[in-house]
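All residue numbers for the sequence shown refer to this note's numbering, where the first residue is 2 and numbers rise by one.
Heads up, the beta-carbon is just placed ideally off N, CA and C, and yes, glycines get one too.
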Amino acid sequence: MRIQHPVAAILSRAAIAQDEVTGDGSCSALAVIGEIMRLAEPLINECIHPRKISAGLDIAREWTLDYIDKSAITLDIKIEKKDLLLNIIKGVIATKIEPFLVEQMSEAIYNSIYCIRPRTETAKDPSSLIPLDLFMIEIMPINIGIKPEVNFIKGMVMDHGCRHPDMPHELFNCYIFCCNVNLEYERTEVNSSFLYSNAKQREQLSRSERLFIDNKVRKIIELKNKVCTKKNQKNFVVLNQKGIDPSSLELLAKEGIIALRRVKRRNMERITLCCGGSPVNSVEDLDVSVLGFARKCWEVNYEDQKYTFVEVDGDPRSCCITIQAPFKYQLERCKDAIRDGLRACRNALIDKKLLPGAGAFEIAASEHLRSRLKKENNPKTITGIALFADALLTIPRSLAKNSGLSPNEALTAAQLAYRQAIENDNGLDNKYFGINLDSIEPINPIDEGIWDSVTVKKQLVSLSTTLSSLLLIIDEIIRAGKIVKNDKLQQ
Ligand SMILES: Nc1ncnc2c1ncn2[C@@H]1O[C@H](COP(=O)(O)OP(=O)(O)OP(=O)(O)O)[C@@H](O)[C@H]1O
Ligand SMILES: [Mg+2]
């Protein structure tokens, strides 16, 4: 059994919470918590009580959240602003994947967000619109190839194929019939508690069940023959959430129909959003209104795994991003990066506000806390606030360190540039300075298009201050316990 240290458990939960709530900023949260703990240690050794530091951290949290609200830059962030959204996505995914993938992945993420955008023009009640349902984007990892590749599919991809050798592997102009109907012989004569007295009755029972299922298949075929004629050159695809047995597949294959069984429930919802139509639970009274339409439907065999692609024309409301990579860890990393990119884009579209990235926000917030501290009279909280102002600077320092620059030099240059800008009253666009990953000279993140999300930063500030307060106090409780124990030993 692996026993996890309680502090490690709290920290890993912090990272998970940050990732689950906002989809980004987990490394920053851990870095700030770690820095607060590192800076607090010498203070505690100098007999400053942890509760004093924790009280200061609480005030620092309020001030920084206030500062975020005041300093967040309101932009006209709309789904149509492709360049701005691409920059936001790139800022999040570029730190996670190989550089050559950034361009194609951000393009795929933008296209999928555009695909699921709420259509205000068609909504009966615009207030009922779900802002962006990321669940309507399927992410399909495919373990193949020699180099990772990310593609946007205007349609859906399913990780299974049709189970009959005679079924077509590619069809154009297809009607899509989605159903949740059992087309499988269930051996009722064996499984049910129905009693029969002789072999003839048993035979009769199994024959009538077979007939019952065949009739259901025939009804689907009738619909196919009604809508697909030689003249209109249309084809037919059946996507069934339940099973289809070999005899039913045989009947469908004879008619040139592609039929997929056991389609996942979530994909049924997505497919109807992609292709139109509506899923049916019974094959009685079928008509053309239940059918969706796809430009092409085809099956691909990668190694031993089959995939079915359904691609549509027009303006679908659900879509898929495929990731192809030779190694499982690459697939996982790309999947995480796509999830983070999608959420960053959604956060920006909902917040309509952004903060300057590249550590510029942390530098500005730290300066703000220090200047506000000058007017603070409460000696109990000063230490904690100053400590948080210093801890925030770990973000620009880490950015410089990770790019091979001297952390202190790069940070000082950015701080000086920021102070200079404030003195000269340069205006909002020229006020912020962050870390340039290529040189010691600071950059203006707004000019470079490096943005951070307001939601992510707010969560980061709340989580890091709350958790480090908790850890400091737990530490105190543990220490108190130890002193009592030692005292007892001495007696
Ligand atoms: N091109 C860039 N130049 C400078 N800084 C950048 C650049 N791109 C991103 N950053 C900064 O990097 C930081 C984010 O780094 P990263 O994404 O690795 O960590 P995180 O968001 O804290 O954690 P995670 O993404 O793993 O949940 C942000 O402060 C962001 O402003
Ligand atoms: Mg990130």
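Touching by the beta-carbon criterion (3+ pairs, under 8 Å), the stretch 165-180 and the stretch 289-298: Contact between the stretch 165-180 and the stretch 289-298 is present, because at least three Cβ pairs lie under 8 Å.
Below 7 Å, is the gap between the Cβ of residue 464 and the nearest heavy atom of ligand 1? no
From the DSSP output, which residues share a beta bridge with residue 1? The chain is shown only over 2 to 492; residue 1 falls outside these bounds and no answer can be derived.
Is it true that the CB of residue 26 sits closer than 8 Å to the CB of residue 394? no
Count the other CB atoms, across all protein chains shown, that sit within 10 Å of the CB of residue 113; report buried if there are 16 or more and exposed otherwise. buried
Skipping 5 residues on each side, what residues in its chain have a beta carbon closer than 6 Å to that of residue 411? 401, 436 and 441
The beta strand (DSSP E) with residue 323 in it runs from where to where? Residues 320-326.
Would the stretch 314-330 count as touching the stretch 71-78 if we require 3 or more Cβ pairs under 8 Å? no
On the premise that residue 156 lies in contact with residue 311, defined as a C-beta separation below 8 Å, what is that separation, rounded to the nearest angstrom? 5 Å
So the beta strand (DSSP E) residue 158 belongs to, where does it begin and stop? 156-159
By how many angstroms is the C-alpha of residue 218 removed from the C-alpha of residue 254? When rounded, the separation of the alpha-carbon atoms in residue 254 and residue 218 is 11 Å.
Residue 2 to residue 10, Cα distance in whole Å? Confidence at residue 2 is low in this model, with a pLDDT of 48, below 50, so the placement of that residue is unreliable and no value is reported for it.
Closer than 7 Å: is that where the CB of residue 93 sits relative to any heavy atom of ligand 2? Answer for residue 93: yes, Cβ within range of ligand 2.
How about residue 342: is its Cβ closer than 7 Å to a heavy atom in ligand 1? no
Which term fits residue 48, buried or exposed, when burial requires 16 or more other beta carbons within 10 angstroms of its beta carbon? exposed
In whole angstroms, what is the alpha-carbon distance linking residue 370 and residue 135? 37 Å
So residue 51 and residue 473 are in contact, right, with Cβ under 8 Å, and what is the actual spacing, rounded? 4 Å
Of the choices 31, 28, 37 and 17, whose alpha-carbon is the least far from that of residue 391? For the residues 31, 28, 37 and 17, the minimum Cα distance to residue 391 belongs to 37.
To the nearest angstrom, how far is the alpha carbon of residue 201 from that of residue 210? CA-CA distance, residue 201 to residue 210, rounds to 14 Å.
Is residue 133 helix, strand or coil by DSSP? coil
First and last residue of the alpha helix (DSSP H) that includes residue 31? 27-46
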